[in-house]
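Participant:
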Amino acid sequence: MAKLRVLCISIILLMIAGLALAACQPTPTPTATKAPATATVPAKPTATPIATNSLGVDEDDLDGVTIEVWHTWFGVPASLFDLQVTEFNEENPWGITVHATSQGSYNMLFNQVMDALDAPQRPDVVVALSEQISVWGEAESLTDLMPYIEDPKWGFAKAELSDFPYVFLEQDQRENRQLAANQFMRSDESADNDGKGGWIVDSDSMTVLSWMLAFDGGPLTDGGYKFITPENIETLKRLKKLFDDGCAWVSTEDTPYEQFAARSALFITASLEEFSDLSRSFAQLGNWLFVRWMLAPENQARWVKSTGLFPLRVSSLDELSDYQDEHPQWAAGVELITQAQIQPQLLSWRKVRPVLGDGFDHIFRVNMQAGSVAAVLAQMSQVADALSD
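Given below as structure tokens:
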């Protein structure tokens, strides 16, 4: 099977996360000591080392390289990406040309890439979800990115690597003010808003996963799926109690944003999806140079200003001081990035992930009792095991 030259930023972040965390540790301050006086000896001049290229590719070889990028963006992110692709094509000194194509949705993208694995025309860079990347990796259709990251000439310096924090761009927030929201809704003169207020129940699988992780739970135990744990039971019981107490409600709207804007909900769950969900591997240096350019702090800052998403690099915040002042909730979210956790890195997660949403929906049925949470989690574990076989 031919190698698919795909780059995955989510994997880049995983590989550099260890370095970033190490770089964030406080450096001990040495105790000052008075050194004895010594004669000064003039230092001999030394030659400045020149970065060498370990990839076996000369700059002249890059002239005329064409890169095909597949993504799922639309609207503002797609427009910005197209603009940055145009800028790269006009400004890069190597003569590299990038073509970008939207595939409509992540499901459509996944199917298109699967069809392209054995086709002569394949994408070079793909913006994809980590569980989709895992499937392509299992098919041995991806190549190793580390030689590009570590290359002395074309890769990242150690200082640049420490600029990437360990991130998982999803945030759930819950505040004590929610507890009074529904009581106010029932006390006014309007009957239309009764049964509303508080949190709009969100059964998206990533939201459910975030709630579980917030209570020290999760879908994995000893490397396998196990939903029925004390932590997960406690998580769902607490959320169910919010619902039973009238502090959470199920909306019939397609999205919660209109209800939130109309003050029918005190808070909702939202995700911040960024360029971090991009790529994993490729075979040509030109692909890497384009992605490295997209990861430049100034380009990441532009993504934030246009989309409201999180940047991948700490240094991008230097150009976002005004944006942070104007968007304090966003700035508070940035402070929480160091506490983020990643979703399970298992090949089967792509199939198992919807089980979280289905089980969560079942718990919020009208006649479902909080005591049935353990039974629902046990059934979720059984389904996950079946899907993993």
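Just so it is clear: in the sequence shown, position 362 is 361 by numbering that gives the first Met the number 0, and no numbers are missing. The beta carbon of each residue, even a glycine, is placed where N, CA and C say it ideally should be.
1. Taking a contact to mean a Cβ-Cβ separation below 7 angstroms, would you say Leu-54 touches Asp-150 in this structure?
2. Cβ atoms of Thr-100 and Asn-88: under 7 angstroms apart, would you say?
3. List the residues that DSSP assigns as beta-bridge partners of Ala-247.
4. Can you give the Cα-Cα distance for Glu-318 and Pro-229, rounded to whole angstroms?
5. Can you list, in chain order, the residues of its chain with a C-beta nearer than 7 angstroms to that of Ala-330? Leave out the 5 residues immediately preceding and following it.
6. Hey, how far is the Cα of Trp-153 from the Cα of Tyr-147?
7. Taking only the alpha-carbon atoms, compute the straight-line gap between Trp-292 and Glu-90 and give it to the nearest angstrom.
8. If you draw a straight line from the C-alpha of Ser-233 to the C-alpha of Ala-247, how long is it?
9. Quick check on DSSP: helix, strand or coil for His-326?
10. Distance check for Pro-76 and Val-134, CA to CA, integer angstroms please.
11. Would you say Ser-104 reaches chain D, if we count a Cβ-Cβ gap shorter than 7 angstroms as a contact?
12. Taking 7 angstroms as the threshold (C-beta atoms), are Trp-69 and Pro-119 in contact?
13. So if DSSP puts Gly-223 in a beta bridge, which residue, or which two residues, is it bridged to?
14. Grab the span of the alpha helix (DSSP H) containing Ile-336 for me, first residue to last.
15. Can you list, in chain order, the residues of its chain with a C-beta nearer than 8 angstroms to that of Ala-377? Leave out the 5 residues immediately preceding and following it.
16. Between which residues of its own chain and Ala-374 is the CB-CB distance below 8 angstroms, once the five residues before and five after are set aside?
17. Going by beta-carbon coordinates alone, are Ser-315 and Pro-296 separated by less than 7 angstroms?
18. Please list the terminal residues of the continuous alpha helix (DSSP H) segment that includes Glu-130.
19. Determine, using beta carbons only, whether Lys-350 and Leu-386 come nearer to each other than 7 angstroms.
20. Assign Ser-313 to one of three DSSP states: helix, strand, or coil.
21. When you compare the CB positions of Thr-71 and Gln-102, do they come within less than 7 angstroms of one another, or not?
22. Report the three-state DSSP secondary structure of Trp-72 (helix, strand or coil).
23. Roughly how many angstroms lie between the CA atoms of Asp-114 and Ile-66, to the nearest whole one?
24. Please report the straight-line C-alpha distance between Leu-284 and Asn-366, rounded to a whole angstrom.
25. Which one or two residues does DSSP pair with Glu-67 in a beta bridge?
26. Is the closest heavy atom of the ligand PLP to the C-beta of Leu-345 under 6 angstroms?
27. Within the continuous alpha helix (DSSP H) that includes Phe-359, where are the two ends?
28. Buried or exposed for Ser-104, please, with buried defined as at least 16 other CB atoms from any protein chain shown within 10 angstroms of its CB.
29. Go ahead and pull the three-state DSSP assignment for Val-382.
30. Here's the rule: buried if 16 or more other CB atoms are within 10 angstroms of the residue's CB, otherwise exposed. What is Glu-334?
Facilitator: So, to answer that:
1. Here residue 54 is taken as the residue at index 55 of the sequence shown, counted from 1. Here residue 150 is taken as the residue at index 151 of the sequence shown, counted from 1. Yes.
2. Taking the sequence shown and counting its residues from 1, the one referred to as residue 88 is at position 89. Taking the sequence shown and counting its residues from 1, the one referred to as residue 100 is at position 101. In this structure, Thr-100 does not lie closer than 7 angstroms to Asn-88 by Cβ.
3. Position 248 of the sequence shown, counted from the first residue, corresponds to residue 247. Answer by DSSP bridge pairing, in chain order: Trp-198.
4. Start at 1 with the first residue of the sequence shown, and residue 318 comes out as number 319. Start at 1 with the first residue of the sequence shown, and residue 229 comes out as number 230. Their backbone Cα atoms lie some 44 angstroms apart in a straight line.
5. Working through the sequence shown from its first residue, we reach residue 330 at position 331. If we look at Ala-330 and ignore the five residues flanking it on each side, its Cβ neighbours are Gln-323.
6. To locate residue 153, count along the sequence shown from 1; it is residue 154. To locate residue 147, count along the sequence shown from 1; it is residue 148. Between Trp-153 and Tyr-147, the C-alpha separation is close to 7 angstroms.
7. Within the sequence shown, numbered from 1, the residue matching residue 292 stands at position 293. Within the sequence shown, numbered from 1, the residue matching residue 90 stands at position 91. If I take the Cα positions, the gap works out to 11 angstroms.
8. Residue mapping note: residue 233 aligns to position 234 of the sequence shown, counting from 1. Residue mapping note: residue 247 aligns to position 248 of the sequence shown, counting from 1. The amino acid at residue 233 is misidentified as Ser; the sequence shows Glu. Rounded to the nearest angstrom, the two C-alpha atoms are 17 angstroms apart.
9. Taking the sequence shown and counting its residues from 1, one reaches residue 326 at position 327. It is coil, neither helix nor strand.
10. Within the sequence shown, the letter at position 135 stands for residue 134. Within the sequence shown, the letter at position 77 stands for residue 76. So the two alpha carbons sit approximately 26 angstroms from each other.
11. No chain D is part of this structure, which consists of one protein chain only.
12. As a first step, residue 119 is located in the sequence shown; it is residue number 120 there, counting from the start. As a first step, residue 69 is located in the sequence shown; it is residue number 70 there, counting from the start. Contact flag unset, no.
13. The residue you call residue 223 lines up with position 224 of the sequence shown. Partner(s): Thr-220.
14. As a first step, residue 336 is located in the sequence shown; it is residue number 337 there, counting from the start. Element bounds for Ile-336: n/a, residue is neither H nor E.
15. Start at 1 with the first residue of the sequence shown, and residue 377 comes out as number 378. Contacts found: Phe-226, Ile-227.
16. The count along the sequence shown starts at 1 and reaches residue 374 at position 375. No residues qualify anywhere along the chain.
17. What you label residue 315 is simply residue 316 of the sequence shown in a count that begins at 1. What you label residue 296 is simply residue 297 of the sequence shown in a count that begins at 1. Yes. Within cutoff.
18. Position 131 of the sequence shown, counted from the first residue, corresponds to residue 130. It spans 129 to 137 - the alpha helix (DSSP H) in which Glu-130 sits, taken as one unbroken run.
19. Counted from its first residue, the sequence shown places residue 350 at position 351. Counted from its first residue, the sequence shown places residue 386 at position 387. Cβ atoms of Lys-350 and Leu-386: closer than 7 angstroms.
20. In the sequence shown, the residue the question calls residue 313 occupies position 314. Checking the displayed sequence, the identity of residue 313 turns out to be Val instead of Ser. Helix.
21. Counting from one through the sequence shown, the residue named residue 71 turns up at place 72. Counting from one through the sequence shown, the residue named residue 102 turns up at place 103. Result yes, Cβ atoms of Thr-71 and Gln-102 sit closer than 7 angstroms.
22. Here residue 72 refers to the residue found at position 73 of the sequence shown. Here Trp-72 sits in coil by DSSP.
23. Here residue 114 corresponds to residue number 115 of the sequence shown, with the count starting at 1. Here residue 66 corresponds to residue number 67 of the sequence shown, with the count starting at 1. Rounded to the nearest whole angstrom, the C-alpha separation of Asp-114 and Ile-66 is 19 angstroms.
24. Walking along the sequence shown from the start, residue 284 turns up at place 285. Walking along the sequence shown from the start, residue 366 turns up at place 367. Approximately 58 angstroms between the Cα atoms of the pair.
25. Residue 67 sits at position 68 when you count from the first residue of the sequence shown. In DSSP, Glu-67 forms a bridge with His-98.
26. Questions concerning the ligand PLP fall outside what the structure shown contains, since it holds no ligand whatsoever.
27. Within the sequence shown, numbered from 1, the residue matching residue 359 stands at position 360. Segment 348 to 362, the alpha helix (DSSP H) holding Phe-359.
28. Here the question's residue 104 lines up with position 105 in the sequence shown. Result: exposed.
29. Position 383 of the sequence shown, counting from 1, holds the residue named residue 382. Here Val-382 sits in helix by DSSP.
30. Within the sequence shown, the letter at position 335 stands for residue 334. The residue in question, Glu-334, is exposed, as its Cβ has fewer than 16 Cβ neighbours within 10 Å.
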